[in-house]
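A short write-up of the structure that comes next.
There are 2 protein chains.
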Amino acid sequence: MAAAPLSSFIPKHESALPAPAMVPAAGGVTVVPEVKLTWLEGRPGAAATSTWGTPWPKGAVPGNQTFQLAAPDGNAVPLQSWPLAYWPDGTLKWSAHALAAETPAESYTLSAGTPARPAAPVVVADRRGYVDIDTGVIRARIPKRGAELISHIWRGDVEIARKGVLVNLRQERIEEDEEKAAPRDRFESDIRKVTVEQSGPLRAVVRIEGTHKNKRGKSWLPFTIRLSFYAGAESIRMMHTFVYDRDGSRDYIAGLGVRFRVPMRDAAYDRHVRFVGEGDGILSEAVKGITGLRRDPGAAVRAAQVAGTKLPDPATWDQRVTTRLQYVPEWGDYTLSQLSSEGFTVRKRTKQGRGWVPVDQGRRASGLAYVGGVSGGFALGLKDFWQRHPTQLDIRRAGTEEAEVTLWLWSPEAEPMDMRFYHDGMGQDTHPEQLEGLNITYEDYEPAFGTPYGISRTSELTLWALAATPSAERLGSLADQVRTPPQLINPVPHLVASKVFGGLFSPVDRSQPAKAAIEDHLDFLFGYYQRQVEQRHWYGFWDYGDIMHTFDEDRLVWRYDVGGYAWDNSELSPDLWLWYAFLRSGRADIFRFAEAMTRHTGEVDVYHLGKWAGLGTRHGVQHWADSAKQQRISTAVYRRIYYYLTGD
Amino acid sequence: MAAAPLSSFIPKHESALPAPAMVPAAGGVTVVPEVKLTWLEGRPGAAATSTWGTPWPKGAVPGNQTFQLAAPDGNAVPLQSWPLAYWPDGTLKWSAHALAAETPAESYTLSAGTPARPAAPVVVADRRGYVDIDTGVIRARIPKRGAELISHIWRGDVEIARKGVLVNLRQERIEEDEEKAAPRDRFESDIRKVTVEQSGPLRAVVRIEGTHKNKRGKSWLPFTIRLSFYAGAESIRMMHTFVYDRDGSRDYIAGLGVRFRVPMRDAAYDRHVRFVGEGDGILSEAVKGITGLRRDPGAAVRAAQVAGTKLPDPATWDQRVTTRLQYVPEWGDYTLSQLSSEGFTVRKRTKQGRGWVPVDQGRRASGLAYVGGVSGGFALGLKDFWQRHPTQLDIRRAGTEEAEVTLWLWSPEAEPMDMRFYHDGMGQDTHPEQLEGLNITYEDYEPAFGTPYGISRTSELTLWALAATPSAERLGSLADQVRTPPQLINPVPHLVASKVFGGLFSPVDRSQPAKAAIEDHLDFLFGYYQRQVEQRHWYGFWDYGDIMHTFDEDRLVWRYDVGGYAWDNSELSPDLWLWYAFLRSGRADIFRFAEAMTRHTGEVDVYHLGKWAGLGTRHGVQHWADSAKQQRISTAVYRRIYYYLTGD
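Residue numbers (our numbering), protein chains in the order written: chain A, 1 to 648; chain B, 1001 to 1648.
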């Protein structure tokens, strides 16, 4: 929930609420409970960072309480904490916390106390023209003007990535003539404002605001990027939010992405490309492969390349290979394209102007790419990569001194993002005619109301500046973190005891047959919608997270094409159903379903700019189609649970 | 094997060989065996047509023998027969036969005798400007000049389809600049020659030759279309062959398809669109849906629309629906796009200029589309639709008086077909340097030899002119015929006894442990390659049917990027291995694997035009890449088994 456009509905952390005076609990003695935190999807297999919120019962915790964190062995774990909300009596209601663990523990215990400080805290240097942030492992420079969100990422003295920009391809119109191809304009990020929101010791957050601008100075698509850095971490979390500021009648997104340049220092046979497909499936390529050749360079040489480690000196290889290395092609360009939820393709070519060669295909890619070499490299990943199709990962010029990697949130190979209204009004020019329409399709229609102007989308990316090409096992762990970012959660009894969110939930209770029957029914309903998402393929850039309103029992499909019966847009508050189901169960699958819905409904179904900013759109065939623009869709009640649980 | 470019390697049926004088078998008495024919994939569930070949032992059947066909109940079944090949002694070696069955029998017995004639034979009228063909159920007009392959298809007095053309979008160059979009030229079929190859009584075949031509008169991509008509059939089989006549440095295919117009006569709520997805999964849509509305028109009305049958008069519906029908959108445009082997998407929109709405997604579409209404409609399907991706089915303007349907063999939404050579030569300018390259990548390279000029592809389509919108069950049967066209086959003992193809095979024999072990090993090898096709996704327009040459045991992938170790292009004669495996087993899965390989290697790996016409290309990274152009790849030995078994 890092989206700036949403901030008007949510109390801003740190600054929104004044810190109250401490209020002692009843009896004058403050007894802060100990809270045992666990990982939503189990202990991460690699270094992990996480931010979360913990609630406290009314009157239990002073407003200015400090906290400490301990591992199961009792050792203190560095922690950063800040308040999120207070009870009316001034005691703390929600605290937020950040953790950065090189080797995550199974669980942690949060309690009152003095936090341990990280051995090397994250250091923020806010200069006139840029902000430098040093995690102790990597260092990033964030310019305050220009196109580059991150101009350099160093690891020690090695520059791992540079020139990080947002990129957008705009198409003025959607061509209906199959002979015509609309030209595309490239827009890049144009930074307007850089704000340090947090500056350590464990977590630093920088907010970058701006728009996408082309060479002629035309701007659109305002963005808010939040970069989070953690002490000791080699990764950067990037929350990417943009607002669509057109009405659907012109200017279409033909590509939207994040692009970095990656210096290539190693010999071509020591350069590597990786894509993570489904599960642990990894495409492992060297820019210049030395396996499978007609002559064998030697087992140690082959083994090193497959492992991604530095090859022995070519002088030590079988010289029948060494002397002919110039005739082994270098493959510099790679593309993984996920144009549907069901399939992705991978292709490569030696270089620009040469023919693409198909590499392989798969079903659902994890959205993680790596390019680099034995002296360091750059990985980046997008959460919900296949669910948010059409997406794409491009690596270019890996055979030259500077590769380029682009993570496309909207693939330039897909049809342009079509934001046009779906019908011509069908003659509903007057209110009586519109009422007749409502009475048959359940759609509110008024000319020009069905506009996407002001809807938004937030994407979660992670960037890694790695010291060397990662092993397959490590890459798999990074992919896990892309698919399900590590998230610490509170135990259900503590959530219940804290009586937050109105105290309107109790733990899962199967102690009596009647109660067990209710739990079975709740499980069935969740499982039903979970399976419907998969069966009906409720995926896609704008749609993922939403469900449909009503089933068509004649056609045996959901009424995706019947006015007000199509996309649900929070109708009947499924967001609340899902979040309370998580609060009382702690189930990861429910959390992720609720998370996707919260993102969808808060971002896509709600206007963040324009005349309807602050209102949402009623259920319909397109998320922005219905003419009823209402507060009930945009209400913070649907978003706050996610916000407090993640502290973010 | 209807491809004209291949005909130089194959004796043409009917005309290529002179009919010899009859030669009596030993003893002067001709004893023609009875042959029991069965269906390759079991009895078709709907009306089926099939052409096949049957072999005869040397000396057994007179060269001018006539044949009869009987159903299991002994009833005579109409048959058309013609000779394919003779033994040196003049006796018949291979006869070809055609069957058209409204209700196919489980099996048929072929024997010497006088054929039954069809109740209504197919009638061919070869006029000055066109050929008219009447199957007794449908009538088609085939002009001899212009763009239209089929100008009209009537069923009785009802025109079901019209203006059938080939369509091609050409892009002069592949743009490397992401801001530029290369314009596309539309080319349509330009007919040069129409030949009636067979004219009944049971089967008529018309060959149409021409090129693709644009408005400025520029021509490329020569094509040969063969249309087969069967007595009593409502379908037309279309074999679509084209030759790629560019060297890969300019002119790319951005779309290649077959397009028909379909007159729409029925009310919008009586018009239907169907796509068959995977298995029996069918997308059923009415142009104007009357289910799922806010008011119920009545159960009978809803049931009729779901069934695709004519709706009751709107005067009989609940008038709350009837009076508001104008406010129910009409959905005129539909697209099913299969851009990878793993996933397809379906979307629709009300009409041009309006926003597309996602409908659903799936994995592997069957390639069958229908558009029409209760008074008749048009279906068309492409065999190996998902295997030959990127493919697409477009229906346009179904809300107007004339819909358009396009079956894309190459989807215009995919990247243009990239025929460029894959590397820049890497300095292999002299023969000694080229030899060094061969010694490390096993690739023969010579500048300009790696050209696709003259390679070809044949696609199998079926068109149906239907009296009404088909039921889901019937549509499923049509899809079965698209996926696996009905094919009659000979019993293995008869194939063995005929001693054709050198007599180099014996039936599967597990009678002794040693023989069983050999059979197990053969089964394992076939299953291994069958699974590799699926695991490695050896699919795609040009690639489907081929396998890879050598595995990389270090990377655990096939050496798809290592010169001569990549695509197999018939190296070590896998075509023969597969066909002999079929001949001795009768297994359908082996037949289909061999069929795909025969098509691939004969069409793609062999030049049909240009300086290397008649030669094939040695194994390599691209099917046309290697500089060794050889007769061993183009040899008829690899193709003749398929030709004789299918008689086609």
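We treat Cβ as the ideally placed atom computed from N, Cα and C, and that holds for glycine.
Whole-number beta carbon distance between Leu336/A and Leu463/A, since they are thought to touch under 8 Å:
Numbered from its first residue, the first sequence carries residue 463/A at position 463. Numbered from its first residue, the first sequence carries residue 336/A at position 336. The beta carbons of Leu463/A and Leu336/A sit about 17 Å from each other, so the pair does not count as a contact at 8 Å.
is_contact[Trp1094/B, chain A] using C-beta, thresh 9 Å
Counting from 1 along the second sequence, the entry for residue 1094/B is found at position 94. Output row for Trp1094/B: interface = no.
Indicate the three-state DSSP secondary structure (helix, strand or coil) for Gly1454/B in the structure shown.
Residue numbering aside, residue 1454/B sits at position 454 when the second sequence is read from its first letter. Of the three classes helix, strand and coil, the one that applies to Gly1454/B here is coil, per DSSP.
Can you list the residues of chain A that Pro1485/B reaches, using a CB-CB cut of under 7 Å?
Counting from one through the second sequence, the residue named residue 1485/B turns up at place 485. None at all; the shortest Cβ gap to chain A is about 26 Å.
Gly428/A classed as buried or exposed, judged by whether at least 16 other C-beta atoms fall within 10 angstroms
Reading the first sequence from its first residue, position 428 is the one you call residue 428/A. Note that residue 428/A is Gln in the sequence shown here, rather than Gly. Taking a 10 Å sphere around the C-beta of Gln428/A, we find 16 or more other C-beta atoms and assign the residue as buried.
Contact list for Ala182/A against chain B, beta-carbon separation under 8 Å
Taking the first sequence and counting its residues from 1, the one referred to as residue 182/A is at position 182. In chain order: Ala1181.
Simplified DSSP state of Glu172/A, which is helix, strand or coil
Counting from 1 along the first sequence, the entry for residue 172/A is found at position 172. The three-state secondary structure of Glu172/A, taken from DSSP, is coil.
Taking the alpha-carbon of Ala1286/B as reference, which of Ala1098/B, Trp1331/B, Arg1294/B has the nearest alpha-carbon?
Sequence index remark: in the second sequence, residue 1286/B carries index 286 (1-based). The shortest C-alpha separation from Ala1286/B is found at Trp1331/B.
In chain A, which residues lie less than 8 Å from Asn1439/B when you measure between Cβ atoms?
The sequence position of residue 1439/B within the second sequence is 439, counting from 1. Here the neighbours are Arg294, Arg295, Arg320, Arg324.
Along chain A, in chain order, which residues have C-beta atoms closer than 7 Å to that of Asp1185/B?
As a position in the second sequence, residue 1185/B is number 185, starting the count at 1. Under a criterion of Cβ atoms nearer than 7 Å, the residues of chain A adjacent to Asp1185/B are, in order, Glu179.
Which of helix, strand or coil DSSP assigns to Glu603/A
The residue labelled residue 603/A in the question sits at position 603 within the first sequence. In the structure shown, the three-state DSSP call for Glu603/A is helix.
At the level of alpha carbons, what is the spacing between Val637/A and Ser573/A?
The residue labelled residue 637/A in the question sits at position 637 within the first sequence. The residue labelled residue 573/A in the question sits at position 573 within the first sequence. Distance from the CA atom of Val637/A to the CA atom of Ser573/A, rounded to whole angstroms, is 10 Å.
Report the neighbours of Pro329/A on chain B: residues whose CB is nearer than 7 Å to its CB, in chain order.
To locate residue 329/A, count along the first sequence from 1; it is residue 329. For the C-beta of Pro329/A, the chain B residues within less than 7 Å are, from N- to C-terminus, His1423, Met1426.
Proximity below 9 Å, CB of Asp444/A to CB of Tyr544/A
As a first step, residue 444/A must be located in the first sequence, where it is residue number 444. As a first step, residue 544/A must be located in the first sequence, where it is residue number 544. No. Outside cutoff.
Shorter than 9 Å from the beta carbon of Asp1552/B to some beta carbon of chain A?
Start at 1 with the first residue of the second sequence, and residue 1552/B comes out as number 552. Chain A, which has a Cβ nearer than 9 Å to the Cβ of Asp1552/B, makes this yes.
Quick one: measure Cβ to Cβ for Pro1452/B and Met1419/B, integer angstroms, because I've assumed they're closer than 8 Å.
As a working note, residue 1452/B is residue 452 in the second sequence. As a working note, residue 1419/B is residue 419 in the second sequence. Between Met1419/B and Pro1452/B the Cβ distance is about 5 Å, and since that is below 8 Å, they are a contact.
Fully enclosed by the stretch 1282-1356 of chain B, which beta strand (DSSP E) runs are 3 residues long or longer?
List check, beta strand (DSSP E) in window: 1282-1286, 1333-1338, 1344-1349.
When DSSP labels each residue in this structure, what does Phe260/A get in the three-state scheme?
One-based indexing of the first sequence puts residue 260/A at position 260. In this structure, Phe260/A counts as strand in the three-state DSSP scheme.
Measuring alpha carbon to alpha carbon, tell me which of Thr1224/B, Arg1246/B, Ala1120/B ends up nearest Glu1172/B.
As a working note, residue 1172/B is residue 172 in the second sequence. Among Thr1224/B, Arg1246/B, Ala1120/B, the Cα nearest to that of Glu1172/B belongs to Arg1246/B.
The alpha helix (DSSP H) enclosing Gln1532/B, as first and last residue numbers:
Counted from its first residue, the second sequence places residue 1532/B at position 532. Note, Gln1532/B: alpha helix (DSSP H), 1513-1536.
9 Å is my cut-off, CB to CB: does Trp356/A come that close to chain E?
Any reference to chain E falls outside this structure, whose protein chains are A and B.
Spatial neighbours of Leu92/A within its chain, please: C-beta separation below 7 Å, excluding the five flanking residues on both sides.
For the purposes of this step, residue 92/A is taken as the residue at position 92 of the first sequence. Within the same chain, Cβ atoms closer than 7 Å to the Cβ of Leu92/A are found at Trp56, Val61, Pro62, Gly63, Gln65, Pro83, Tyr86, the five residues on either side in sequence being excluded.
Pick from Leu1166/B, Lys1180/B, Arg1170/B, Lys1163/B: whose alpha carbon is nearest that of Arg170/A?
Counting from 1 along the first sequence, the entry for residue 170/A is found at position 170. Out of Leu1166/B, Lys1180/B, Arg1170/B, Lys1163/B, Lys1180/B has the C-alpha closest to the C-alpha of Arg170/A.
Does Asp418/A come out as helix, strand or coil in the three-state DSSP assignment?
As a first step, residue 418/A must be located in the first sequence, where it is residue number 418. It is coil, neither helix nor strand.
Should Gln487/A be counted as a contact of the ligand ZN given a C-beta to heavy atom distance under 8 Å?
In terms of ligand content, the structure shown is empty, and the ligand ZN therefore cannot be addressed.
Below 7 Å CB to CB, which residues in the same chain sit around Met22/A once its five sequence neighbours on both sides are set aside?
Along the first sequence, one-based indexing puts residue 22/A at 22. With a pLDDT of 37 at Met22/A, under the threshold of 50, the predicted position of this residue should be treated as unreliable, though the coordinate-derived value follows. Result list for Met22/A: Pro62, Gly63, Asn64, in chain order.
Residue-chain proximity (Asp1702/B, chain A), Cβ-Cβ < 9 Å:
Since the first residue shown for chain B is 1001 and the last is 1648, residue 1702/B is missing from the structure and cannot be characterised.
So, is the C-beta of Ala1021/B closer than 9 Å to a C-beta in chain A?
Counting from one through the second sequence, the residue named residue 1021/B turns up at place 21. Confidence is the limiting factor: at Ala1021/B the pLDDT is only 35, short of 50, which leaves the residue's position unreliable and the question unanswerable from this model.
Is DSSP giving His272/A helix, strand or coil here?
One-based indexing of the first sequence puts residue 272/A at position 272. Strand.
What residues in the stretch 1561-1593 of chain B bring their beta carbon closer than 9 Å to a beta carbon of chain A?
If the cut-off is 9 Å between Cβ atoms, the stretch 1561-1593 of chain B has Asp1561, Val1562, Gly1563, Gly1564, Tyr1565, Ala1566 near chain A.
Taking contact to mean 3 or more Cβ pairs, one atom from each stretch, closer than 8 Å, check whether the stretch 1261-1268 of chain B and the stretch 1234-1248 of chain B are in contact.
No: fewer than three Cβ pairs fall under 8 Å.
Using a Cβ distance threshold of 8 Å, determine whether the stretch 1119-1128 of chain B contacts the stretch 1225-1239 of chain B, with at least three qualifying pairs required.
In short, these stretches touch, since the Cβ pair count reaches three.
Alpha carbon of Pro1470/B to alpha carbon of Thr1049/B, nearest angstrom:
As a first step, residue 1470/B must be located in the second sequence, where it is residue number 470. As a first step, residue 1049/B must be located in the second sequence, where it is residue number 49. Cα-Cα distance, rounded: 19 Å.
Gly652/A in three-state terms, based on DSSP:
Nothing about residue 652/A can be reported from this structure: the residues present for chain A run from 1 to 648 only.
Tell me the DSSP bridge mates of Asn1214/B?
Indexing the second sequence from 1 puts residue 1214/B at position 214. In DSSP, Asn1214/B forms a bridge with Phe1187/B.
Where does Gly614/A sit, in a helix, a strand or coil, going by DSSP?
Numbered from its first residue, the first sequence carries residue 614/A at position 614. In the structure shown, Gly614/A sits in coil (DSSP, three-state: anything other than H, G, I, E or B).
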